[in-house]
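Peer 1:
Number of protein chains: 2
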Amino acid sequence: MDKQNKYFLSENNVPFQEFFKFGLSVDCVVFGYHKGQVSVLLVERDAEPFKGSWALPGDLVNLDEDMDEAAGSVLRKLTGLENIFMEQFYSFGSVQRHPAGRVATVAYYSLVNSDEYKPKASAWTKSIQWFDIRSLPKLAFDHDQILDKGIRTLQRRVRYRPVGFELLPTKFTLSELQELYEALLNAKFDKPNFRKKILSMELLRPLEEVQENVSHRPAKLFQFDENRYQELRKEGFAFDITLKTN
Amino acid sequence: MDKQNKYFLSENNVPFQEFFKFGLSVDCVVFGYHKGQVSVLLVERDAEPFKGSWALPGDLVNLDEDMDEAAGSVLRKLTGLENIFMEQFYSFGSVQRHPAGRVATVAYYSLVNSDEYKPKASAWTKSIQWFDIRSLPKLAFDHDQILDKGIRTLQRRVRYRPVGFELLPTKFTLSELQELYEALLNAKFDKPNFRKKILSMELLRPLEEVQENVSHRPAKLFQFDENRYQELRKEGFAFDITLKTN
DNA sequence: TCAAAAGTGTTCCGAATACACCCATGC
DNA sequence: GCATGGGTGTATTCGGAACACTTTTGA
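Protein chains in written order, with our numbering: chain A, 1 to 246; chain B, 247 to 492.
#1: Using DSSP with H/G/I as helix, E/B as strand and the rest coil, what is residue 372 of chain B?
#2: Give me the chain B residues within the contact set of residue 66 of chain A, using Cβ-Cβ distance strictly less than 8 Å, ordered along the chain.
#3: Closest Cβ-Cβ distance between residue 309 of chain B and chain A: below 9 Å?
#4: With distances taken between CB atoms, is the gap from residue 212 of chain A to residue 218 of chain A smaller than 9 Å?
#5: In this structure, how does DSSP classify residue 317 of chain B when only helix, strand and coil are distinguished?
#6: Could you check how far apart the C-beta atoms of residue 324 of chain B and residue 330 of chain B are, in whole angstroms? I think they sit under 8 Å.
#7: Does DSSP classify residue 51 of chain A as helix, strand or coil?
#8: Would you identify the three-state DSSP class for residue 223 of chain A, choosing helix, strand or coil?
#9: Taking residue 391 of chain B as part of the alpha helix (DSSP H), name the residues at either end of that continuous run.
#10: Please confirm if the region 62-72 of chain A is in contact with the region 335-342 of chain B, defined as three or more CB-CB distances below 8 Å between the two stretches.
#11: Three or more C-beta pairs under 8 Å: does that hold for the region 227-242 of chain A against the region 150-160 of chain A?
#12: Check for me: the beta strand (DSSP E) holding residue 137 of chain A runs from which residue to which?
#13: Which of the three DSSP states, helix, strand or coil, is assigned to residue 204 of chain B?
#14: Nearest to residue 60 of chain A by CA position, among A:107, A:33, A:82, A:89, is which residue?
#15: Are there three or more Cβ pairs, one per stretch, closer than 8 Å when the region 109-120 of chain A is compared with the region 29-42 of chain A?
#16: In chain A, what lies closer than 8 Å to residue 334 of chain B by C-beta?
#17: Using a Cβ-Cβ cutoff of less than 8 Å, which residues in the same chain neighbour residue 431 of chain B once the five nearest sequence positions on both sides are dropped?
#18: Using a cut-off of 7 Å between C-beta atoms, extract the partners of residue 233 of chain A located in chain B.
#19: Helix, strand or coil for residue 205 of chain A? Go by DSSP, reduced to three states.
#20: So the candidates are A:149, A:86, A:189; which of them puts its Cα closest to the Cα of residue 178 of chain A?
#21: Kindly indicate if chain A contains any beta-carbon less than 9 Å away from that of residue 443 of chain B.
#22: Have a look at A:145, A:116, A:148, A:192 and flag the residue whose alpha-carbon is nearest the alpha-carbon of residue 167 of chain A.
#23: Measuring alpha carbon to alpha carbon, tell me which residue in B:304, B:475, B:264 is nearest residue 386 of chain B.
#24: CB-CB under 8 Å to residue 194 of chain B, same chain, minus the five flanking residues each way: which ones, in chain order?
#25: Just checking my contact of residue 203 of chain A with residue 181 of chain A at CB under 8 Å: how many whole Å lie between their CB atoms?
#26: So what's residue 335 of chain B in DSSP terms, helix, strand or just coil?
#27: What's the call for residue 392 of chain B, buried or exposed, on a 16-neighbour Cβ count within 10 Å?
#28: In three-state terms, what does DSSP make of residue 290 of chain B?
#29: Just to confirm my understanding: we take residue 421 of chain B, look at its own chain, exclude 5 residues before and 5 after, and list those with CB closer than 8 Å. What are they?
#30: Can you tell me whether residue 378 of chain B is buried or exposed, with buried defined as 16 or more other CB within 10 angstroms of its CB?
#31: Let me confirm a value: residue 216 of chain A is counted as buried when at least 16 other C-beta atoms fall within 10 Å, else exposed. Which label applies?
#32: Using a Cβ-Cβ cut-off of less than 7 Å, list which residues of the region 346-358 of chain B approach chain A; keep chain order.
#33: Start and end of the alpha helix (DSSP H) containing residue 461 of chain B?
#34: What does residue 226 of chain A reach in chain B if we use C-beta pairs closer than 8 Å?
#35: With DSSP collapsed to three states, give me the class of residue 105 of chain A.
#36: Using three-state DSSP, classify residue 178 of chain A as helix, strand or coil.
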């Protein structure tokens, strides 16, 4: 205590240990996308408090664990997902946000191509499920607020950074890309203009392959070119798909 | 403990209390602006660790204090500033970022019209001082990293939200505004084009007043119209001052 | 041949750029 | 008058918007 007290000489005479009584958690807004629908992965809690309620996947951080690391662990343990795009977006720290004590939480969002991924419950979750972001249940804690902020953050970032591609399979058609943006931003774009805009950036590598088993002219497949993006960024290029919505 | 254990049934069998051993702090990047110079307020620490080093103003959060509230308090206690624009931007939580124990920190930035404000040291700070953001000292803890992220965040946000005005006096000339943006973004703009762009948004209310005691044609004074901005926002207007840099 | 979606081209319009020029003030 | 910044006008360019059109496939 003496050793510690010399570290924090704050005005108020609160003993040092009083400060080290916070819980720290990470919560994750996992976005998925499939055929025009943007969804979010929620878990059904099998523990108090809010047992039986839906909540964002999240957990307390261990003392010997970096925060970013913890975020990855949560995802792996609660959803089985690994090596997924993840980014911190906001932290929530009001006094009464957790009934069991003072817990601050750092929120991350991650992007998954939900096509193949079939979630499965684990540990202290009764079940786990995708929810369309247009019809969400009431959530535990302040997770409604966190999720809301997560959605807004994604909608903003997706316009200025090429993160949307994380929600698609590696190979995709331009129409699929357009549908994705329309779903994310809840808008409609003009097809020719969308194509021109996205192609003019020269971030998509056209493949030799085309769609198969479609009863119409098969579409060319494209792939996002990460290297190209990094190059352009160095030259001051700014990704931007602001287009007029119909 | 029994009561508490039912709240967190996580996979690992770490006792519940082990999770409530975090310190939580807030750190604040206070931006100031004066005559073409963007600066940041730093304090010289008068306590271990890093006694004598420059650091961002920050402090541990009290258990009964909301995080946002704490951010405001820090500013008031360490700098005397009150009712200042403040926004959270990122959190830092690696295990070893604080030598005294596990402390996660939530970073805020705030914007001050530094013209009149003369900082004065207080509490556990030896001194407090403005530093031009182009020549910064090495900082304590991971504050270099926090400050760097703060600067980048401001540079991004200032282009898409009318926050820059917080750095100017209530009444300002268009040239002053342009200089501010040029300093923030480290760029040069074409004067006629800058004016047209900013005036076309109709966010500035022209006043009847003009500059005084200048040995050239006196400039008109303007004022940012917050109400007008809120109106426009509802109609879908997006603030944007992306201009070609000369 | 028809439906369905892929994919292209062209005109129009507005906003950003580049740049020349005029205006008001103090000294 | 002239230096100094304030302030304006305009031709040009470029990119987004609107919209009509052609192409390729399966059935």
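All residues carry an ideal CB built from backbone N, CA and C; glycine is no exception.
Peer 2: On the basis of the data shown:
#1: Note: residue 372 of chain B maps to strand in three-state DSSP.
#2: In chain order, 339, 340, 341 make up the part of chain B whose C-beta sits under 8 Å from the C-beta of residue 66 of chain A.
#3: Flagged as an interface residue toward chain A: residue 309 of chain B, by a C-beta distance shorter than 9 Å.
#4: Yes. Within cutoff.
#5: Residue state for residue 317 of chain B is assigned as helix, using DSSP reduced to three classes.
#6: Not a contact, Cβ separation roughly 12 Å.
#7: It is coil, neither helix nor strand.
#8: DSSP, reduced to helix, strand and coil, places residue 223 of chain A within a strand of the structure shown.
#9: Counted as a single uninterrupted DSSP element, the alpha helix (DSSP H) harbouring residue 391 of chain B occupies residues 389-406.
#10: The answer is yes - the region 335-342 of chain B touches the region 62-72 of chain A, with three or more Cβ pairs under 8 Å.
#11: Enough Cβ pairs lie closer than 8 Å, so yes.
#12: Careful: residue 137 of chain A lies outside any beta strand (DSSP E) and carries neither H nor E.
#13: The structure shown has nothing for residue 204 of chain B, since chain B only spans 247 to 492.
#14: Selected option, being the one with the closest Cα: A:107.
#15: Per the Cβ contact rule, the region 109-120 of chain A is in contact with the region 29-42 of chain A (3 or more Cβ pairs under 8 Å).
#16: The contacting residues are 90, 91.
#17: Here the set comprises 401, 404, 405, 491.
#18: Here the premise fails: no neighbours, minimum Cβ distance about 13 Å.
#19: Note: residue 205 of chain A maps to strand in three-state DSSP.
#20: Ranking the options by Cα distance to residue 178 of chain A, first place goes to A:189.
#21: For residue 443 of chain B, the answer is no, since every Cβ of chain A falls outside 9 Å of its Cβ.
#22: In terms of CA proximity to residue 167 of chain A, A:116 leads the group A:145, A:116, A:148, A:192.
#23: The option with the nearest alpha carbon to residue 386 of chain B is B:304.
#24: Outside the displayed range of chain B (247 to 492) lies residue 194 of chain B, so it cannot be described from this structure.
#25: With a Cβ gap of about 14 Å, residue 203 of chain A and residue 181 of chain A do not count as contacting.
#26: DSSP places residue 335 of chain B in strand when its eight states are reduced to three.
#27: Residue 392 of chain B comes out buried.
#28: Taken through DSSP and simplified to helix, strand or coil, residue 290 of chain B comes out as strand.
#29: Correct list, in chain order: 437, 465.
#30: So residue 378 of chain B ends up on the exposed side.
#31: Label assigned to residue 216 of chain A: exposed.
#32: Answer set for the region 346-358 of chain B: 346, 347, 348, 350, 352.
#33: Premise fails: residue 461 of chain B is in no alpha helix (DSSP H) and is neither H nor E.
#34: Result: empty, since nearest Cβ-Cβ is about 21 Å, beyond 8 Å.
#35: In the structure shown, residue 105 of chain A sits in a strand (DSSP, three-state: E or B).
#36: Here residue 178 of chain A sits in helix by DSSP.
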